[in-house]
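*Asks:* So that we are looking at the same thing, I have put the structure below in structure tokens.
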DNA sequence: CTAGGGTTAG
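Numbering (full-length UniProt numbering), first residue to last: 1 to 657.
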């Protein structure tokens, strides 16, 4: 409550500041009282006011005959402000003036249309123009590039060359951007060659977009090469490279470049911080994120726009939801993204009440919720078993004219199912106006598992199985199931399907951040330097947790092995290795944070709960679904989760495989 | 008259 009040107050003072900062502009009457063709005054007025509508009025009523330069200024203003309607009006006037065949004016009109998002108008004009120069072509290409129509821009380029127009650095940087957008390394290299041919390769704009293009195509090495050869660099060039590394999950390289950037005298911008913080959130690097936060504050930057939101997201995604709240309170401007990030954070931490409160406050604050907002709040409600609230918000979607998508329906099935209303959940699925998805049946199955309803569970499991022909994990597991009952022909069939469709199973891994470096583990990791210590620790822990009640759950292992081997297999799941490593390398009493790229395994979850009792530590596990805050032997998730494995196990147990 | 880099769920 209070945080919103303080923001409102803050915004209030900003507004008055902003108003007083506007230079005095001419009013309509002031303009009329002056000599009408004092065009300098008009132009100044045009540039300093929000939009020179009064100037437009004067043209409309015929009391002003603009010259070429005033038309251009008007068009430029329309372009800058994205005023399509006004721009069209100006175009209309131009068509009735002596400048209708003026190439420069036509180019400005074309670009105005393109920049205002009306590519049809731009293209119509482009096609009708009797003669086109390089700027015409460039404006059209740029227009396509900025409106995400990369292919349209790229096909225009050969036509341009055929007509004998020579591209310049403006044309080429736009084209390079297009190649990056569609991540086409092939086209990218060809355009790169053109940059050399037309002597634009050393231009900063072209160079920066080349760096970005290669990075987007996944060729960081070539991006680096172009970057190093770039004689004239600026912040954007650095950011393109840093963002490239960050996007690819190469946080360490990104950070190294960040350090180098500053050593070489370039100032980090909001873009730089956003990219780095973004990579911290996906990796869950809280310590590095905090360091960047401090760095950001020291640089004197305000938490505006993207940076603020990425910082907030970093804390939420790294498991520090209360720090995220603090950042939220310090944002200069709260928008839908900040609110959604908070809601998603609450949902992932199972904080239903906080999510509901946050939702209500954002509505009061006047922020219009979108589909993500509703999905987040519904998820939060279902996880916290806030049945009535969840139903209420689902109904509220209609009022905001948001058509529920399959994900929203899934959340409701989950909500009803967790509350034990299995029949309601089932009939809800049957009454749904859209086709139920795998996730929907999965949610019902999860609920059946939770409330031990085997009959409906079998039904749901079959639906899941029918609808999920393409998921890589399904095939691997299915092959395992067939193998375990000796149906080798079926195994071969599944393997063939996998091979034909090029499906690959992503290896499961876990990681921890210790003293600014990330340590990654895969199951049965044999290569780690501390391997022996880790295994020894687990031997001890296993003994201790078994004494206080831990029973290894071997049902999750689908291999042809005897009981002892199964236990051995479980023991070295990646999250367990990461935990042992963290226990060995962190000070006593500190919170341990483990990240995992798939959902945490049921046996490991149980083992970690017992370990939290033995070692008296708080352990936070972030998997792809949510945060597990494990302390004193219990977990914030309330032991509810559903893995693909358990779906298939349910399926196997209820069919005669 | 024309150009390059960024956040949000499952």
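Backbone N, C-alpha and C define an ideal beta-carbon position, used for all residues, glycine too. Just so it is clear, the structure is predicted and the values come from calculations on it, not from any experiment.
Which runs of the alpha helix (DSSP H) fall wholly inside the segment 344-375 and span at least 4 residues, in chain order?
*Replies:* DSSP runs (the alpha helix (DSSP H)) wholly in the segment 344-375: 352-364.
*Asks:* Determine, using beta-carbon pairs with one atom in the segment 221-230 and one in the segment 260-268, whether at least three such pairs fall under 8 Å.
*Replies:* Because the criterion of three Cβ pairs below 8 Å is not met, the segment 221-230 and the segment 260-268 do not touch.
*Asks:* For the segment 314-323 against the segment 297-304, are there 3 or more C-beta pairs whose distance is under 8 Å?
*Replies:* Too few Cβ pairs lie closer than 8 Å, so no.
*Asks:* Assuming residue 620 contacts residue 592 under a Cβ cut-off of 8 Å, what Cβ separation, rounded to an integer in Å, is found between them?
*Replies:* Going by Cβ atoms, the distance from residue 620 to residue 592 rounds to 7 Å, so yes, they are a contact pair.
*Asks:* Return the chain-ordered list of same chain residues with a C-beta closer than 7 Å to the C-beta of residue 637, the five sequence neighbours on each side being excluded.
*Replies:* Closer than 7 Å at the Cβ level, and outside the excluded window around residue 637, lie 350, 626, 628.
*Asks:* May I ask which residues mark the beginning and end of the alpha helix (DSSP H) holding residue 628?
*Replies:* Per DSSP, residue 628 belongs to no alpha helix (DSSP H); it is in the beta strand (DSSP E), 627-631.
*Asks:* Please say whether residue 580 and residue 541 have beta carbons closer to each other than 9 Å?
*Replies:* Yes.
*Asks:* Short of 7 Å in beta carbon distance, which residues of its chain neighbour residue 246, apart from the five on each side in sequence? Order them along the chain.
*Replies:* Excluding residues within five positions, the ones whose Cβ falls inside 7 Å are 254, 275, 276, 278, 279.
*Asks:* Would residue 691 and residue 369 be called neighbours here (beta carbons separated by less than 9 Å)?
*Replies:* In the structure as shown, the chain begins at 1 and stops at 657. Residue 691 is therefore absent and cannot be evaluated.
*Asks:* Would you mind stating whether residue 213 and residue 167 have Cβ atoms separated by less than 9 Å?
*Replies:* Not a contact, by the Cβ cut-off of 9 Å.
*Asks:* Using DSSP's beta-bridge definition, name the partner residues of residue 593.
*Replies:* DSSP, once it has assigned bridges, lists 620 as partnering residue 593.
*Asks:* If residue 336 sits next to residue 363, beta carbons under 8 Å apart, how far is it from one beta carbon to the other, in whole angstroms?
*Replies:* Wrong, their Cβ atoms sit about 12 Å apart, outside the cutoff.
*Asks:* Buried or exposed for residue 239, please, with buried defined as at least 16 other CB atoms from any protein chain shown within 10 angstroms of its CB.
*Replies:* Residue 239 comes out buried.
*Asks:* Measuring CA to CA, which of 102, 603, 117 is closest to residue 81?
*Replies:* Comparing Cα positions, the closest option is 117.
*Asks:* Just to confirm the assignment, what range does the alpha helix (DSSP H) spanning residue 105 have?
*Replies:* It spans 103-115 - the alpha helix (DSSP H) in which residue 105 sits, taken as one unbroken run.
*Asks:* List the DSSP bridge partners of residue 135.
*Replies:* None, per the DSSP bridge assignment.
*Asks:* Roughly how many whole angstroms lie between the Cα atoms of residue 120 and residue 604?
*Replies:* One C-alpha to the other measures close to 57 Å.
*Asks:* Ignore the nearest five residues each way along the sequence and tell me which others in residue 424's own chain have a CB closer than 6 Å to its CB.
*Replies:* So the qualifying residues of the chain are 416.
*Asks:* Rounded to whole angstroms, what is the Cα-Cα separation between residue 210 and residue 537?
*Replies:* Going by the C-alpha atoms only, they are around 50 Å apart.
*Asks:* At a cut of 8 Å, does the segment 157-166 reach the segment 120-130 through at least three beta carbon pairs?
*Replies:* Cβ pair count under 8 Å is below three, so no.
*Asks:* Is residue 413 helix, strand or coil by DSSP?
*Replies:* Helix at residue 413.
*Asks:* Please go through the segment 181-244 and give each complete alpha helix (DSSP H) segment of 4 or more residues, from N-terminal end onward.
*Replies:* The qualifying runs are 185-197, 204-216, 220-229.
*Asks:* Report the partner residues of residue 521 according to the DSSP bridge assignment.
*Replies:* The partner list for residue 521 (beta bridge, DSSP) reads 510.
*Asks:* Going by the DSSP bridge assignment, what does residue 635 pair with across the sheet?
*Replies:* In the DSSP output, where bridge partners are listed per residue, residue 635 has 630.
*Asks:* Near residue 165, which residues of its chain fall below 6 Å by C-beta distance, leaving aside the five closest residues on each side in sequence?
*Replies:* Around residue 165: 134, 137.
*Asks:* Can you tell me whether residue 532 is buried or exposed, with buried defined as 16 or more other CB within 10 angstroms of its CB?
*Replies:* Flag for residue 532 reads exposed.
*Asks:* What residue from 392, 284, 400 has the CA that sits closest to residue 251's CA?
*Replies:* Checked all of 392, 284, 400; the closest Cα to residue 251 is 284.
*Asks:* State the Cα-Cα distance for the pair residue 389 and residue 147, rounded to the nearest angstrom.
*Replies:* If I take the Cα positions, the gap works out to 40 Å.
*Asks:* Which one of 74, 259, 611 has the shortest CA to CA distance from residue 631?
*Replies:* The shortest Cα separation from residue 631 among 74, 259, 611 belongs to 611.
*Asks:* When the Cα of residue 574 is compared with those of 508, 78, 219, 382, which residue comes out closest?
*Replies:* Answer by Cα proximity: 508.
*Asks:* Does the distance from the CB of residue 358 to the CB of residue 381 come in under 9 Å?
*Replies:* No, these two residues do not count as a Cβ contact at 9 Å.
*Asks:* Going by C-alpha distance, which of 242, 547, 490 is nearest residue 259?
*Replies:* Selected option, being the one with the closest Cα: 242.
*Asks:* Whole-angstrom Cβ separation of residue 113 and residue 90, contact assumed at under 8 Å?
*Replies:* Not quite, the Cβ-Cβ distance comes to about 11 Å (not below 8 Å), so this is no contact.
*Asks:* Helix, strand or coil, according to DSSP, for residue 553 in the structure here?
*Replies:* Residue state, collapsed to three classes: coil.
*Asks:* Classify residue 428: buried if its beta carbon has 16 or more other beta carbons within 10 angstroms, exposed otherwise.
*Replies:* By the neighbour-count rule (16 or more Cβ atoms within 10 Å), residue 428 is buried.
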